[in-house]
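Numbering-wise, the UniProt record's numbering puts 367 at position 367 of the sequence shown, and it's gapless, one number per residue.
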Amino acid sequence: MSDKSGLRIGIIGAGPAGIAAGHALLEQGFDNFTIFEKSDAAGGTWHLHSYPGLACDLWAHIYSFSYRPNPNWSANFVEQPEIEAYLQQCVREFGLEPRLALNTNIASARYQGDGTWLLTTAKHETHVMDVLINAMGGQHTAIFPEVDGIESFNGDYWHSTYWNHEVPLEGKRVVIVGSAAAAVQIVPKVAEQAGHLTVLQRTPNWIMPRNHKLYSPFLKSAFHRFPRFLQLWQKGQALMMGVVLEGVTLNHKRMEQFEARVHKFIGESIDDPAVQTAVTPSDHYGCKRGLVSDEYYPTLNRDNVTLVAEGLKRVDAKGIVTESGREIEADVIIYCTGYSVLDFNRIDVVGRDDRHLAEEMVREPIAYKGIASPGFPNYFFAAGPNGLAINASYFRNIECNVSTIVRLLEEKQAAGLSAIEVRADVVRDYNKELSDRYETYSWGASSCHSYYRTETGHAPFLFPGGYKEYLALHGTSSLSDFQPA
Numbered sequence: 001m002s003d004k005s006g007l008r009i010g011i012i013g014a015g016p017a018g019i020a021a022g023h024a025l026l027e028q029g030f031d032n033f034t035i036f037e038k039s040d041a042a043g044g045t046w047h048l049h050s051y052p053g054l055a056c057d058l059w060a061h062i063y064s065f066s067y068r069p070n071p072n073w074s075a076n077f078v079e080q081p082e083i084e085a086y087l088q089q090c091v092r093e094f095g096l097e098p099r100l101a102l103n104t105n106i107a108s109a110r111y112q113g114d115g116t117w118l119l120t121t122a123k124h125e126t127h128v129m130d131v132l133i134n135a136m137g138g139q140h141t142a143i144f145p146e147v148d149g150i151e152s153f154n155g156d157y158w159h160s161t162y163w164n165h166e167v168p169l170e171g172k173r174v175v176i177v178g179s180a181a182a183a184v185q186i187v188p189k190v191a192e193q194a195g196h197l198t199v200l201q202r203t204p205n206w207i208m209p210r211n212h213k214l215y216s217p218f219l220k221s222a223f224h225r226f227p228r229f230l231q232l233w234q235k236g237q238a239l240m241m242g243v244v245l246e247g248v249t250l251n252h253k254r255m256e257q258f259e260a261r262v263h264k265f266i267g268e269s270i271d272d273p274a275v276q277t278a279v280t281p282s283d284h285y286g287c288k289r290g291l292v293s294d295e296y297y298p299t300l301n302r303d304n305v306t307l308v309a310e311g312l313k314r315v316d317a318k319g320i321v322t323e324s325g326r327e328i329e330a331d332v333i334i335y336c337t338g339y340s341v342l343d344f345n346r347i348d349v350v351g352r353d354d355r356h357l358a359e360e361m362v363r364e365p366i367a368y369k370g371i372a373s374p375g376f377p378n379y380f381f382a383a384g385p386n387g388l389a390i391n392a393s394y395f396r397n398i399e400c401n402v403s404t405i406v407r408l409l410e411e412k413q414a415a416g417l418s419a420i421e422v423r424a425d426v427v428r429d430y431n432k433e434l435s436d437r438y439e440t441y442s443w444g445a446s447s448c449h450s451y452y453r454t455e456t457g458h459a460p461f462l463f464p465g466g467y468k469e470y471l472a473l474h475g476t477s478s479l480s481d482f483q484p485a
């Protein structure tokens with residue numbers, strides 16, 4: 001079992017996490033793997049989503065692989081086409097194209113008890129793998145509001161995840177339900193086209209100015225000519241992001257500074273005092289995902305835009321009805337109502353003793369350092385429960401996670417083990433330490449109500465600490481935390 005080439009590895013998802021996993025495996029000599037991707041191209045979320053205004057809310061040079069900096073970014077914040085192109089270029093450069101299985105939707109994965117996993121696709125094809133790495137992103141399963149009448153609407157409607165580019169919006173009455181990450185980017189673009197746009201806001205969000213700036217030809221030339229300069233630029237953006245941890249720490253002065261900055265931004269950007277009040281959050285910064293936009297608040301000043309600070313009660317043939325009973329007619333309804341995060345039911349994963357991963361994660365969404373759960377031998381998450389530190393980019397986090405996974409596979413092969421399973425006592429002790437720290441942060445506090453917390457009271461999305469600590473914890477990971485299976 002020490003032969004790396006003999007180990008059959010399946011990676012599910014060809015977004016940033018799947019690409020990072022493939023790169024890490026090849027770097028360490030594991031070349032017998034397949035990246036299963038349900039779509040027709042790599043890119044993950046950045047290939048699936050295509051709504052107007054879609055951009056990353058992190059600085060471009062840190063939203064990149066550390067080992068593949070991109071001197072071609074056009075600005076400090078870049079939009080979807082550039083990011084998708086970058087990811088697909090990485091697939092080619094890393095030598096992953098021959099290992100891609102596109103248009104292959106894995107429907108189920110069942111542990112066979114002999115150290116192997118049987119994968120079945122939506123087309124009923126089967127694949128046998130020794131190891132599985134779950135590299136699926138968290139912004140794929142659209143959530144529609146649980147109200148009556150959505151399908152009774154006579155006009156066009158869709159979720160932001162699946163934008164309908166065939167429907168022109170010029171001159172139409174458009175209702176956007178939601179005011180979070182997708183809406184903040186979509187609203188300014190739709191307002192330029194719609195005859196009238198109504199934005200339905202159930203609860204306000206903290207929105208920082210993005211301060212979007214195009215890079216000059218001189219600066220982009222410097223990125224190309226001086227790789228060391230580009231690395232320093234990356235480090236500078238990483239340092240700026242580092243303060244986010246303090247910004248979401250309760251009773252920290254940085255949180256006061258963040259909140260004061262948003263209050264000032266609201267006062268400077270919005271003319272109507274009533275609208276200013278409506279968009280001012282009552283919770284602390286970071287309870288919900290912090291957003292960035294230069295255009296959203298000013299768009300609310302437009303004559304053809306109305307902000308309605310209410311939730312949705314129902315939908316009828318003509319439009320929507322708000323919680324107060326206000327009827328708003330529409331030609332088009334766009335739902336910017338989020339995604340099912342950590343939606344493990346997308347694939348029916350069945351581990352040892354007929355344990356279903358989705359059921360386990362609904363009851364208790366915990367993992368070992370974000371990468372493994374008891375009862376599922378040779379099964380790993382590229383970014384599982386509490387597998388992301390908030391003060392580092394997604395790329396840095398998944399690089400850390402997959403590096404640990406590959407190192408554990410090396411140790412497994414060297415030990416001649418057919419399968420390894422993380423020990424239940426290790427997972428229990430590790431997560432007990434995490435649970436004692438959630439109340440330190442706005443997103444983990446019991447007073448916070450957002451997708452960061454589940455109905456069971458767990459806060460399974462973020463690591464309750466900083467990236468340096470998370471990195472150090474992964475450095476102590478070893479095969480001793482696992483048992484033969």
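The beta carbon of each residue, even a glycine, is placed where N, CA and C say it ideally should be. Just so it is clear, the structure is predicted and the values come from calculations on it, not from any experiment.
Taking the beta carbon of residue i as the centre, do at least 16 other beta carbons fall within 10 Å, making it buried, or is it exposed?
{"i": "glycine 137", "result": "buried"}
{"i": "phenylalanine 226", "result": "exposed"}
{"i": "methionine 241", "result": "buried"}
{"i": "aspartate 303", "result": "exposed"}
{"i": "arginine 437", "result": "exposed"}
{"i": "glycine 416", "result": "exposed"}
{"i": "alanine 122", "result": "exposed"}
{"i": "lysine 412", "result": "buried"}
{"i": "tyrosine 67", "result": "exposed"}
{"i": "arginine 363", "result": "exposed"}
{"i": "leucine 379", "result": "Just to set this straight, residue 379 is tyrosine in the shown sequence, not leucine. When all chains shown are included, tyrosine 379 counts as buried."}
{"i": "valine 402", "result": "buried"}
{"i": "leucine 54", "result": "buried"}
{"i": "tyrosine 441", "result": "buried"}
{"i": "serine 480", "result": "exposed"}
{"i": "serine 5", "result": "exposed"}
When the distance is taken between beta carbons, is residue j closer than 8 Å to residue i?
{"i": "glycine 351", "j": "phenylalanine 376", "result": "yes"}
{"i": "valine 427", "j": "lysine 172", "result": "no"}
{"i": "glycine 267", "j": "glutamine 276", "result": "yes"}
{"i": "histidine 61", "j": "tryptophan 46", "result": "no"}
{"i": "proline 374", "j": "valine 422", "result": "yes"}
{"i": "valine 315", "j": "phenylalanine 77", "result": "no"}
{"i": "proline 281", "j": "asparagine 205", "result": "yes"}
{"i": "valine 349", "j": "leucine 357", "result": "yes"}
{"i": "valine 305", "j": "leucine 197", "result": "yes"}
{"i": "threonine 201", "j": "alanine 330", "result": "According to the sequence displayed, residue 201 carries glutamine and not threonine. Cβ atoms of glutamine 201 and alanine 330: not closer than 8 Å."}
{"i": "glutamate 170", "j": "glutamine 193", "result": "yes"}
{"i": "phenylalanine 258", "j": "tyrosine 297", "result": "no"}
{"i": "serine 478", "j": "leucine 58", "result": "no"}
{"i": "threonine 322", "j": "phenylalanine 144", "result": "no"}
{"i": "leucine 87", "j": "isoleucine 19", "result": "yes"}
{"i": "tryptophan 443", "j": "valine 292", "result": "no"}
Check the C-beta distance from residue i over to residue j and give it rounded, since I have them as a contact under 8 Å.
{"i": "leucine 312", "j": "valine 406", "result": "About 45 Å; that fails the 8 Å criterion."}
{"i": "isoleucine 334", "j": "isoleucine 328", "result": "With a Cβ gap of about 13 Å, isoleucine 334 and isoleucine 328 do not count as contacting."}
{"i": "phenylalanine 395", "j": "phenylalanine 94", "result": "Going by Cβ atoms, the distance from phenylalanine 395 to phenylalanine 94 rounds to 14 Å, so no, they are not a contact pair."}
{"i": "glycine 286", "j": "methionine 129", "result": "Contact flag wrong, Cβ pair sits at about 38 Å."}
{"i": "proline 385", "j": "phenylalanine 223", "result": "Actually they do not touch by this definition, with Cβ atoms about 37 Å apart."}
{"i": "alanine 142", "j": "histidine 159", "result": "4 Å"}
Can you check which of these residues, the options, is closest to residue i by C-alpha distance?
{"i": "leucine 409", "options": "Ile371, Ser152, Phe36 and His196", "result": "Ile371"}
{"i": "glycine 387", "options": "Ala85, Ala445, Leu462 and Asn378", "result": "Leu462"}
{"i": "aspartate 353", "options": "Phe94, Tyr111, His23 and Ala17", "result": "Tyr111"}
{"i": "asparagine 32", "options": "Gly247, Arg99 and Ala85", "result": "Arg99"}
{"i": "alanine 367", "options": "Arg346, Ala142, Glu399 and Lys432", "result": "Lys432"}
{"i": "alanine 459", "options": "Ala414, Ala389, Pro209 and Arg254", "result": "Ala389"}
{"i": "histidine 127", "options": "Ile35, Leu25, Glu146 and Glu82", "result": "Ile35"}
{"i": "leucine 219", "options": "Leu479, Ala75 and Tyr451", "result": "Ala75"}
{"i": "glycine 457", "options": "Gly29, Val131, Ser446 and Ser477", "result": "Ser446"}
{"i": "lysine 213", "options": "Thr203, Val187, Asp294 and Tyr157", "result": "Asp294"}
{"i": "tyrosine 215", "options": "Met208, Pro209, Ile207 and Leu230", "result": "Leu230"}
{"i": "valine 184", "options": "Arg228, Asn164, Gly236 and Cys56", "result": "Cys56"}
{"i": "leucine 118", "options": "Ile347, Asp429 and Glu399", "result": "Ile347"}
Which residue or residues does DSSP assign as beta-bridge partners of residue i?
{"i": "tryptophan 158", "result": "Ile334"}
{"i": "serine 66", "result": "DSSP output for serine 66 lists no bridge partner at all."}
{"i": "valine 292", "result": "Met208"}
{"i": "threonine 121", "result": "Ile106"}
{"i": "alanine 383", "result": "Paired residue(s): none; alanine 383 is not in a bridge."}
{"i": "valine 422", "result": "Phe482"}
{"i": "arginine 173", "result": "His196"}
{"i": "glutamate 82", "result": "Paired residues: none, contrary to the question."}
{"i": "histidine 252", "result": "Its beta-bridge partners do not exist; DSSP assigns none."}
{"i": "aspartate 348", "result": "Ser108"}
{"i": "histidine 356", "result": "Val350"}
{"i": "residue 512", "result": "Any property of residue 512 remains undetermined from this structure, which presents the chain solely from 1 to 485."}
Would you say residue i faces chain B, with C-beta separation under 8 Å as the test?
{"i": "glutamine 483", "result": "Absent here is chain B; the protein component of the structure consists of one chain."}
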